[in-house]
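Using UniProt numbering, the letters of the sequence shown correspond one by one to residues 1 to 147. Virtual Cβ for every residue (Gly too), placed ideally from N, Cα, C. Structure first, then comments.
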Amino acid sequence: MSIKDMLNNDMKAALKAGEKERLSVIRMAKSAILYAEKEKLHELDDEEVIEVLFKEVKKRKNDINEYERLGKAEVVESLEREIAILSSYLPQQLTDEEVEEIVRQAIIEVGANSIKDMGKVMGTVMSKVKGRADGGLISNMVKMLLQ
1 MSIKDMLNND MKAALKAGEK ERLSVIRMAK SAILYAEKEK LHELDDEEVI EVLFKEVKKR
61 KNDINEYERL GKAEVVESLE REIAILSSYL PQQLTDEEVE EIVRQAIIEV GANSIKDMGK
121 VMGTVMSKVK GRADGGLISN MVKMLLQ
């Protein structure tokens, strides 16, 4: 079952159960997917849907930082619940240790010696993790290990 099918089924279930917040988040996710499909002029596959959902999670994490700074606890809690709902449709995220191991293997595979080889390492790592780790985390880890 594709992620889009899961979203449709869960939307129907949330509608029947009266889960307004879950329904709202699923509708937002479907809207973001539809927007991406119109932008790319083709129907998204699961991998591309994961990218869209990951971007939505990332937006909310950035918003959390801003609202925490402003002292808006109730908005932060709402955003955290939205992240939890969206994350249920994403693949299991890799731990920092798993990411570090993949980065180390990529450095050996590419034969990277300095920070100048970062692009090659990043390309190799990103193709292996595909939505299971944050690009910023990977970038920081590559920089740390190449210095």
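May I have the straight-line CA-CA distance separating residue i from residue j, to the nearest angstrom?
{"i": "V125", "j": "K4", "result": "27 Å"}
{"i": "S2", "j": "D45", "result": "8 Å"}
{"i": "L34", "j": "N113", "result": "43 Å"}
{"i": "L7", "j": "Q147", "result": "43 Å"}
{"i": "E19", "j": "V25", "result": "10 Å"}
{"i": "R104", "j": "Q92", "result": "21 Å"}
{"i": "K55", "j": "L145", "result": "26 Å"}
{"i": "D134", "j": "S127", "result": "13 Å"}
{"i": "E47", "j": "E101", "result": "23 Å"}
{"i": "R27", "j": "K72", "result": "24 Å"}
{"i": "V99", "j": "I107", "result": "12 Å"}
{"i": "A14", "j": "R81", "result": "15 Å"}
{"i": "D10", "j": "K120", "result": "40 Å"}
Just mark residue i as buried or exposed, buried being the case when its beta carbon has 16 or more other beta carbons within 10 Å.
{"i": "A17", "result": "exposed"}
{"i": "I115", "result": "exposed"}
{"i": "M141", "result": "buried"}
{"i": "R22", "result": "buried"}
{"i": "D96", "result": "exposed"}
{"i": "L79", "result": "buried"}
{"i": "E109", "result": "exposed"}
{"i": "L41", "result": "exposed"}
{"i": "L53", "result": "buried"}
DSSP three-state call for residue i: helix, strand or coil?
{"i": "Y89", "result": "coil"}
{"i": "R27", "result": "helix"}
{"i": "D134", "result": "coil"}
{"i": "S2", "result": "coil"}
{"i": "G18", "result": "coil"}
Between the options, which lies nearest to residue i when the distance is taken from Cα to Cα?
{"i": "R132", "options": "L94, A106, D117", "result": "L94"}
{"i": "residue 148", "options": "K40, V49, A32", "result": "Because the chain is modelled from 1 through 147, residue 148 falls outside the range shown and cannot be assessed."}
{"i": "G136", "options": "N9, K61, R81, R27", "result": "K61"}
{"i": "S87", "options": "A13, V75, R69, A29", "result": "A29"}
{"i": "I83", "options": "D117, G123, K58, E68", "result": "K58"}
Ignoring anything shorter than 4 residues or poking outside the stretch 39-118, list the alpha helix (DSSP H) runs there in chain order.
-> 46-70, 73-87, 96-110
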